[in-house]
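Student: Residue numbers (this note's numbering): 1 to 87.
(1) Taking only the alpha-carbon atoms, compute the straight-line gap between residue 15 and residue 36 and give it to the nearest angstrom.
(2) Let me check understanding here. Comparing Cα to Cα, which of 7, 66, 43 lies closest to residue 77?
(3) According to DSSP, simplified to helix, strand and coil, what is residue 44?
(4) So the candidates are 57, 47, 85; which of them puts its Cα closest to the Cα of residue 73?
(5) Taking DSSP as the reference, what is the three-state secondary structure of residue 31?
Here is the structure:
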């Protein structure tokens, strides 16, 4: 239960990080449509708005080869500017 309210106090109400992560609210989730998910994906999921984290003992040469093969055609695109209210 504490995880549902903690971030609101840490970051301030209205900040994106103040929302519960990984859980959401039933009312919000119930009202999501496929179109909502597609719109979110098309708006935010861009290579210039993404971070790839690779833990473990992986050689950069191997990793680069795999990433270029799987993500090489992924093209940069504009994403909306995010603004945050002061807490």
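The beta carbon of each residue, even a glycine, is placed where N, CA and C say it ideally should be.
Tutor: Working from what's here:
(1) 21 Å
(2) 43
(3) helix
(4) 47
(5) helix
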